[in-house]
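In this note's numbering, the protein residues as written are 518 to 592.
Report on the following structure.
Take a look at the structure:
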C-alpha cells in the first residue's frame with residue numbers, strides 16, 4: 518500500500534470530531550443545514566431557535582421534550 522493510499526484510507530476511516538459529528542447528525546435528522554444547527558447552538562446576536570416542528574423532531578430524536586431542549590430564557 519502506498520503512502521497516499523494509506524492517507525486516503527485513514528482520512529475516510531478516521532472518526533469525526535464529536536462536536537462536528539453532533540452538528541452533522543442534527544442537520545440530517547432535521548433536514549436543515551449545518552449552518553442553521555450551529556446558529557441554534559451559539560449565543561449572541563446571530564443565535565436562533567428552531568421552529569416548533571423542528572423542536573418536536575429533535576425532542577423525539579433525543580427522547581425528551583421540546584421544553585427541556587429549548588427552555589425559555591427569562592430576559
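Don't be surprised by glycine CBs; every beta carbon is placed ideally from N, CA and C.
Below 8 angstroms on the Cβ atoms is my guess for residue 540 versus residue 575; work out the distance and round it to an integer in Å.
-> Stepping through the chain shown from its first residue, residue 540 is reached at position 23. Stepping through the chain shown from its first residue, residue 575 is reached at position 58. That pair is no contact at about 13 angstroms.
Assuming residue 565 and residue 557 form a contact by the criterion Cβ under 8 angstroms, report the distance between their Cβ atoms to the nearest whole angstrom.
-> Indexing the chain shown from 1 puts residue 565 at position 48. Indexing the chain shown from 1 puts residue 557 at position 40. About 6 angstroms separates the beta carbon of residue 565 from that of residue 557, a gap short enough to meet the 8 angstroms contact definition.
Taking buried to mean at least 16 other C-beta atoms within 10 Å of its own C-beta, is residue 527 buried or exposed?
-> Here residue 527 refers to the residue found at position 10 when the chain shown is read from its first residue. The residue in question, residue 527, is exposed, as its Cβ has fewer than 16 Cβ neighbours within 10 Å.
Expressed to the nearest angstrom, what Euclidean distance is found between the alpha-carbon atoms of residue 518 and residue 529?
-> Here the question's residue 518 lines up with position 1 in the chain shown. Here the question's residue 529 lines up with position 12 in the chain shown. Distance between the alpha carbons of residue 518 and residue 529: 16 angstroms.
How many Å lie between residue 549 and residue 578 at the Cα?
-> For the purposes of this step, residue 549 is taken as residue 32 along the chain shown, with counting starting at 1. For the purposes of this step, residue 578 is taken as residue 61 along the chain shown, with counting starting at 1. Roughly 15 angstroms separates the two Cα atoms.
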